[in-house]
Amino acid sequence: MSDDGQHALSIIAFVGSVFSPYYAWARRGGATDPENHCSINVALYGKAGKRWAMTERSRASLHRDATRLVIGPSQLHWNGSCLTIDLDEVSVPIPRRVRGQVRVYPKGLCRFVAALDDKGLHRWGPIAPCARVEVDFDSPAASWSGHAYLDSNEGDEPIDRPFVEWDWSRAPLKDGSTGVIYDVRQKEGADRVIAVRFQPSGDFEHFKAPERQTLPRTAWRIDRTMRTDAQHPASVTQTLEDTPFYVRSVLTSGLLGESVVSVHETLNVPRLVSTAVQLMLPWRMPRVR
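Heads up: take any position in the sequence shown, counting from 1, add 1, and you land on the working numbering.
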């Protein structure tokens, strides 16, 4: 998110896309190669206009090693101090170029990893929870800098097996640290709540998450909650993405005694795997070789 709060972006590189209907259909025939279902999802928000791109590609378009991930015409490259992301995608539903470069500068790298489910088959690890970002796009024309966050998720099974839904949020704090809360509801077993404060150095400490507050339902009737300090009720400032199964929002809320601006996401897994949504997804996620 930009320092002035006027721009934001999200970039997700998928190898074995959890949201891919093509991957889900292929798995019905048994085990399938996750590398045959790769994509780079780019979502831009701000004065230059909103763009969304997520083209799925086969393993023929995938190349990766310890420092580079290439998926089709876009790539991520790590040089030891900066993650450079070169993007050349096409948006949907209106086909327009999404072309530019994003540079992420971690303030420190973190080795924290947590299991999201009771069996430990799904894991989350913030790589650089405190970072800076520089954004330069030719299409749409946009140039800005701001605070950033970089993490990873991995799983050994489809997400619809253990999960019902989750709410996730992250907020920069006054001392330069970042607070993250993962609030996970499983099909079986107790809720899992992971609340961690990450320092720019990469150090971290757990804290007790505040109580849940119910947020307004979205236009697609998705329920969402936010864990916020009682003295700072959460309020939705902007809904960036509102889909039948996923919501991304900007909130004002309270965390560790501070009033903060949080990026918040809700995923409703039963909605994601429903027949109606699976048939809708190809319109947002076209597939090419």
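In this text, a Cβ means the ideal position worked out from N, Cα and C, and glycines have one as well.
Coarse secondary structure for residue i, derived from DSSP in three states
i: GLN279; result: helix
i: ASN269; result: strand
i: GLU212; result: coil
i: ALA14; result: strand
i: PRO217; result: coil
i: ALA61; result: helix
i: VAL93; result: coil
i: VAL261; result: strand
i: VAL71; result: strand
i: VAL114; result: coil
i: VAL293; result: With the chain covering 2 to 290 only, the question about residue 293 has no answer from this structure.
Assigned exposure category for residue i - 16 Cβ within 10 Å defines buried
i: ARG181; result: Per the sequence shown, residue 181 should be read as Val rather than Arg. Its Cβ being crowded by 16 or more others within 10 Å, VAL181 is buried.
i: GLN214; result: buried
i: ARG228; result: buried
i: LYS108; result: buried
i: SER236; result: exposed
i: GLY30; result: exposed
i: GLY255; result: buried
i: ASP157; result: exposed
i: ASN154; result: exposed
i: ALA14; result: buried
i: GLY190; result: exposed
i: GLY147; result: buried
i: GLU206; result: exposed
i: VAL289; result: exposed
i: PRO22; result: buried
i: ILE95; result: exposed
i: HIS78; result: exposed
i: SER202; result: exposed
i: ARG225; result: buried
i: ARG69; result: exposed
i: LEU273; result: buried
i: TRP284; result: exposed
Residues bridged to residue i [DSSP beta-bridge criterion]
i: PHE205; result: PHE199
i: SER236; result: THR253
i: HIS8; result: Beta-bridge pairing links HIS8 to no other residue.
i: MET227; result: GLN214
i: PRO127; result: ASP152
i: SER3; result: GLY147
i: ASP243; result: VAL248
i: LEU77; result: LEU70, ILE86
i: GLY101; result: LEU88, PHE138
i: VAL194; result: ASP184
i: ARG133; result: TYR106, HIS148
Contact belief for residue i with residue j at Cβ below 8 angstroms, rounded distance in angstroms
i: ILE72; j: SER59; result: Incorrect: roughly 10 angstroms between the Cβ atoms, too far for contact.
i: VAL99; j: LEU88; result: 6 angstroms
i: PRO211; j: ALA231; result: 7 angstroms
i: PRO208; j: ARG193; result: One detail in the question is off: residue 208 reads as Phe in this sequence, not Pro. Actually they do not touch by this definition, with Cβ atoms about 15 angstroms apart.
i: HIS123; j: PRO163; result: 7 angstroms
i: GLY81; j: CYS131; result: Not confirmed; about 17 angstroms, so no contact.
i: ASP137; j: SER144; result: 5 angstroms
i: SER3; j: ALA9; result: 7 angstroms
i: VAL251; j: VAL264; result: 6 angstroms
i: LYS48; j: GLN102; result: With a Cβ gap of about 19 angstroms, LYS48 and GLN102 do not count as contacting.
i: ILE41; j: SER11; result: Actually they are not in contact, since the Cβ atoms of ILE41 and SER11 sit about 11 angstroms apart, beyond 8 angstroms.
i: ASP243; j: THR219; result: 5 angstroms
**Request:** At 3 residues or longer, and completely inside the stretch 139-192: list those beta strand (DSSP E) runs for me, N to C.
**Result:** 143-156, 164-173, 179-187
**Asked** Of all the beta strand (DSSP E) runs that stay within the bounds of the stretch 18-56, which reach a length of 3 or more residues?
**Response** 39-46
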